[in-house]
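Enquirer:
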Amino acid sequence: LGRAPANPRIFVGPTEGEVWLIVGVNYGRWCSGDTYLFLKRSYDGGRSWTDLELFIETKGLLGKNKPLRLGRVWLIPVELEKTWSAAFLRSDDGGRTWDVVGDLGCAAGAHLIQPTVVPLSEGKFLAYMRSQENRVFKSYSYDLGKTWTRPEPTSLPNNNSGIDMVRLRSGILALAYNPTTSQDGSTSLGETWPEEMSVDFRTWGPRTPLKVAFSVDEGNTWPYAITLEEGPGEYSYPAIIQTSDGTLHIAYTYRRRAIAHATIPEAETEAVCLVKKK
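Heads up, the sequence shown stops at 762 in the numbering used here, and the numbers go up one at a time, no gaps.
1. Since residue 594 is in the alpha helix (DSSP H), which residue starts that stretch and which ends it?
2. Would residue 497 pass as a contact of residue 531 if the rule is Cβ separation under 8 Å?
3. Quick one: any contact between the stretch 586 to 606 and the stretch 553 to 561, if contact means 3 or more CB pairs under 8 Å?
4. What separation, rounded to the nearest whole angstrom, lies between the Cα atoms of residue 515 and residue 712?
5. Opposite residue 582 in the DSSP bridges: which residues?
6. Can you name the start and end residues of the beta strand (DSSP E) that residue 616 belongs to?
7. Tell me the residue span of the beta strand (DSSP E) that contains residue 695.
8. Since residue 744 sits in a beta bridge, which residues does DSSP pair it with?
9. Based on Cα-Cα distance, which residue from 658, 504, 518 lies nearest to residue 527?
10. Look up residue 645 in the DSSP assignment and say whether it is helix, strand or coil.
11. Go through its chain and collect everything with a Cβ distance to residue 750's Cβ below 7 Å, but skip five positions before and after it.
12. Should residue 740 be labelled buried (16 or more other beta-carbon atoms within 10 Å of its own) or exposed?
13. Distance, Cα to Cα, residue 631 vs residue 709?
14. What number of angstroms, rounded off, separates the C-alpha of residue 662 from the C-alpha of residue 707?
15. Quick check: the stretch 686 to 706 against the stretch 640 to 651, are there 3 or more CB pairs under 8 Å?
16. Let me confirm a value: residue 716 is counted as buried when at least 16 other C-beta atoms fall within 10 Å, else exposed. Which label applies?
17. Among 607, 542, 517, which one has its Cα closest to the Cα of residue 557?
18. Whose C-beta lies closer than 7 Å to the C-beta of residue 705 among residues of the same chain, with five residues either side of it excluded?
19. Check the DSSP bridge columns for residue 539 and list the partner residues they point to.
20. Quick check on residue 758: does DSSP put it in helix, strand or coil?
21. At what residues does the beta strand (DSSP E) containing residue 524 begin and finish?
22. Could you tell me the alpha carbon to alpha carbon distance between residue 506 and residue 517, rounded to whole angstroms?
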């Protein structure tokens with residue numbers, strides 16, 4: 485297409501036997517709301533792919549993290565690119581139709597993008613979001629992602645860089661992130677929500693170290709962590725999953741020169757939490 489692609493996501497699709505690749509393609513100035521989401525499908529485990537097809541007609545959606553599936557309900561994390569406001573693509577018919585739900589940055593009066601979402605007990609969903617406000621923000625849904633609470637800052641620092649979270653089969657939550665804050669403090673949006681966000685891309689913090697933190701109380705506290713990278717350089721934009729054998733897999737940008745892949749065995753994850761809990 486001769487245009488800039490962004491933040492590809494690959495996952496097992498809603499239709500049996502399909503693998504999906506969703507990618508944003510920009511048709512204008514970056515972060516100006518000119519991105520469309522496109523879809524490619526594979527029917528042979530990723531060996532070959534269909535041509536690009538427009539995934540949803542809504543313009544100005546981006547996003548980074550993997551979807552959440554619960555039965556026929558699907559949530560694909562996105563953001564409203566032009567206003568830096570976290571949202572979701574939601575389907576309740578197994579991926580046949582999709583609606584945009586949420587405008588969480590607007591609700592919070594904060595720059596919030598790239599949500600990551602996990603299921604909690606009693607049918608709740610928890611979303612964490614990247615921000616320019618020096619903290620990871622959180623929001624809850626009590627109706628399978630149709631509506632969301634007003635986002636609030638957590639105690640976790642955020643450097644205006646990507647995060648990702650997963651609920652392990654043990655119930656432990658794992659969060660990959662950089663535990664640092666922005667260089668020049670938080671930003672203020674004023675009293676009214678702008679039609680187009682004036683994004684200051686200097687509002688970044690160091691993208692080192694990179695850690696995986698663990699919560700045994702559904703995100704209320706995060707007292708345990710494993711350091712993946714530290715020292716000079718950039719280690720960022722993590723993607724985290726748990727495979728069927730219990731292993732945690734984390735892929736991330738390594739100094740903007742390569743993609744690194746780290747694994748944490750299930751036994752080590754549980755041991756870290758149990759040992760430090762005593």
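We put the CB at the ideal spot given by N, CA and C, even for glycine.
Expert: In short:
1. That residue, residue 594, is in no alpha helix (DSSP H); it is neither H nor E in DSSP.
2. Going by C-beta atoms, residue 497 is not nearer than 8 Å to residue 531.
3. Contact between the stretch 586 to 606 and the stretch 553 to 561 is established, with three or more Cβ pairs separated by less than 8 Å.
4. Rounded to whole angstroms, residue 515 to residue 712 spans 30 Å at the Cα level.
5. The partner list for residue 582 (beta bridge, DSSP) is empty, contrary to what the question assumes.
6. Run containing residue 616: none; DSSP gives neither H nor E here.
7. Boundaries of the beta strand (DSSP E) harbouring residue 695: 694 to 699, taken from the DSSP string.
8. The secondary-structure analysis by DSSP pairs residue 744 across a beta bridge with 736.
9. Residue 504 is the option with its Cα nearest to residue 527.
10. Coil at residue 645, not helix or strand.
11. So the qualifying residues of the chain are 730, 731.
12. When all chains shown are included, residue 740 counts as exposed.
13. Straight-line Cα distance between these residues: approximately 31 Å.
14. Roughly 15 Å between the two C-alpha positions.
15. Yes: at least three Cβ pairs fall under 8 Å.
16. Residue burial is scored here from C-beta neighbours: residue 716 has fewer than 16 other C-beta atoms within 10 angstroms and is therefore classed as exposed.
17. Taking only the C-alpha atoms, the option nearest residue 557 is 607.
18. Within the same chain, Cβ atoms closer than 7 Å to the Cβ of residue 705 are found at 699, the five residues on either side in sequence being excluded.
19. Answer is none; residue 539 lacks a bridge partner.
20. It is helical.
21. For residue 524, the enclosing beta strand (DSSP E) begins and ends at 519 to 526.
22. Using only the alpha carbons, I get a separation of about 17 Å.
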